[in-house]
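For reference, the structure discussed in these notes is given below.
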């Protein structure tokens, strides 16, 4: 039996800092034990290669660039990697005598006796597997570690991966001041050194960078995912519909590694300064927030309730700045001719696919009301813990308070991955949007739970007046999630996740192109109004007020309340408010529990049997894992296919689906992605009638012909309309 454990790690402070993980490998059958050192990127490459041979591998822990060289982040990543290897080595189809692929044994530098017993000699290796080992041999000089010698293979490889040294621009100009052309040229140089077989980079990718105005101030905040998405936009095959990025995971990682390398080198030389905390990874814990912007220090949000309500709305969304900037896609951004095109389009819709609209002139192109909203929102932006770069601050503020700009940047179908749009476009029904209510626990600690429950039981005035008790609420509307937190800024999120989700229920389904377009107009108007006129105050403008007011603004709140009133869904929401408990509780009828135990006794898991035994005692059960929830639902349908179609059982099914979606939201969280409690029973998910594996993401929308028009200042628009009338 294999046991693979990361026992320690070392931060190597080279020109490009990186982390070495010391991995202990033990094989009990042979009483063999040895250790190797590997980097995160090498472990990730191994996982990618294994996926070419085996299905349903555990999720590989993601790497986030924000603070990724801090000890806490490294330790957290080490823990997740150990969970990954613990799950992986339990696979009998991989880590068993005679079944281990040879490249895996080579990767871990297994001694000869281990290779002889465990190697799968009949497995034909792919070329990519051979390349994996070749790349490893370039980086690793011995099984026990990586040499520090400047002449070693690892040093040579490190130089190749980091771009082979500094260019003139790197030593002459701070990276955050690079122009669009300088960024494009720099990435071309990286491509020639590392990725020169991909000619698409040279011919088209830099055009994307230029069209999206990717200068140095934006470059330093991009992620590997952003690079890959930009590469995807220029490589969609019209004949097959397949989407493949011209920017590989490896090359995207190289770009990000080099951004970090340049910043570190420039910080050492004094060329690049981070006094205003514009560095993604290094935050000064002693920084005085109010000292940087004294003119706005009195504008900080205040609350009037217990600490629990103020704490950690969602630990998966600690980088609002990334949501503000958003991922970028190709499209025109020039103001010179876009105004006229946006009006003269024969279809009445703009053909522009870009998400960056240059800022309007504050003095001549904004109305008085827009200027007031802009000034109000700018104070919020200036007070963010993670500041937005000054070079794009004004533009982003306008995006947040002007409805047309908000729609164009944050509610634009072109920001949705092509593969998702293509999947939804195959649906037979017309355009639609699903709206879901998400209830999230504010804190999992004992103190938070105690405050929440005691507060509910004694009738805390603010809890009694709130809609859902001492819980955070948000909405998923089609492809985005909308929420209101104590930063007082509404930014639609594309990545829907929450490590503390407890309930995710359907509110309604908007059907028809006209209704869908109207919903988007109302969303933009509502969100920009709150961005430009509202502050988070616990008593009267908290997250629950936001959700209720938004549902009212789009005209669905009263119907939703009526639909769930006196149902099991309504009772659950009342339970949240009255008792402050949020377990995924459920009452299984005793006769149904008896039938399942009688007809499926030998087929169901011990966990489900235990729940059924509890139900036979007339007690409420709690679903503590995703798998047992799926198993119960699937088993009921197996013995009685129409059970959930009858009477009140339909609402019971909706409650179970609400629990299932909450598990999916937890699974999409970086904190819980590898937690066995959130892992589904199987793929596809039993709750997804569309055959997908995720009931939050799949089938949530089909936008039809919806396309936001390119934003034009109202003053300019009026001038152009007058000119058109004179020319008729």
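Residue numbers (UniProt numbering): 1 to 728.
All C-beta atoms, glycine included, are put in the ideal place defined by N, C-alpha and C.
Check, Outcome
"DSSP-derived helix/strand/coil call for residue 181", "helix"
"Under the three-state DSSP convention, the category residue 541 falls into", "strand"
"Distance cut-off 7 Å: residue 595 Cβ against heavy atoms of the ligand SAM", "As presented, the structure is devoid of all ligands, the ligand SAM included, so that no description of it is given."
"Residue 611 versus residue 625 - alpha carbon distance", "12 Å"
"Span separating the alpha-carbon of residue 47 from that of residue 104", "10 Å"
"Beta-carbon gap between residue 643 and residue 686 smaller than 8 Å", "no"
"From 44, 710, 45, 34, residue whose alpha carbon lies closest to that of residue 413", "710"
"Any 3 or more C-beta pairs closer than 8 Å across the region 169–184 and the region 256–271", "yes"
"DSSP beta-bridge partners of residue 95", "According to DSSP, residue 95 bridges with nothing at all."
"Residue of 439, 511, 641, 489 minimising C-alpha distance to residue 476", "439"
"Spatial distance of residue 729 from residue 253 (CA atoms)", "Lying outside 1 to 728, the shown extent of the chain, residue 729 is not represented and no answer is given."
"Alpha-carbon spacing of residue 591 relative to residue 583, whole angstroms", "24 Å"
"Counterpart residues of residue 504 in DSSP-defined beta bridges", "438"
"Rounded C-alpha distance that separates residue 210 from residue 248", "20 Å"
"Which of helix, strand or coil DSSP assigns to residue 386", "coil"
"Per-residue DSSP class, three states only, for residue 214", "coil"
"CB contact below 8 Å: residue 434 versus chain C", "In summary, chain C is missing from the structure at hand, where a single protein chain is found."
"Continuous alpha helix (DSSP H) stretch holding residue 253: start and end", "249–269"
"For residue 728, the three-state DSSP class (helix, strand or coil)", "coil"
"CB of residue 629 within 8 Å of CB of residue 659, strictly", "yes"
"Validate contact between the region 99–114 and the region 75–87 using beta carbons, cut 8 Å, 3 pairs", "no"
"Residue 616 versus residue 597 - alpha carbon distance", "10 Å"
"Cβ distance (whole Å) where residue 407 is taken to contact residue 586 below 8 Å", "The Cβ separation is near 40 Å, so there is no contact."
"Best match in 29, 49, 110 for proximity to residue 37 [C-alpha to C-alpha]", "110"
"Reference residue 187, options 271, 724, 515, 251, closest by Cα", "251"
"Residues of its chain near residue 391, where Cβ-Cβ distance is below 6 Å and the 5 sequence neighbours each way are ignored", "217"
"Cβ pair residue 478, residue 433 closer than 8 Å", "yes"
"Same chain only: Cβ atoms within 8 Å of residue 431, ignoring 5 sequence neighbours per side", "511, 512, 513, 516, 702, 703, 704, 705, 706"
"C-beta atoms of residue 87 and residue 365 nearer than 8 Å", "no"
"Simplified DSSP state of residue 455, which is helix, strand or coil", "Residue confidence is low: residue 455 scores 38 on pLDDT, short of 50, so the model does not pin down where it sits. Its coordinate-derived value is still stated next. Correct three-state label for residue 455: helix."
"For residue 645, the three-state DSSP class (helix, strand or coil)", "helix"
"Assigned secondary structure, residue 38 (DSSP; H/G/I helix, E/B strand, else coil)", "strand"
"Limits of the beta strand (DSSP E) - the one that residue 55 falls within", "Premise fails: residue 55 is in no beta strand (DSSP E) and is neither H nor E."
"Host beta strand (DSSP E) of residue 4 (start-end)", "2–12"
"Contact check, residue 568 vs residue 523, beta carbons under 8 Å", "no"
"Where residue 70 sits in the DSSP three-state scheme", "coil"
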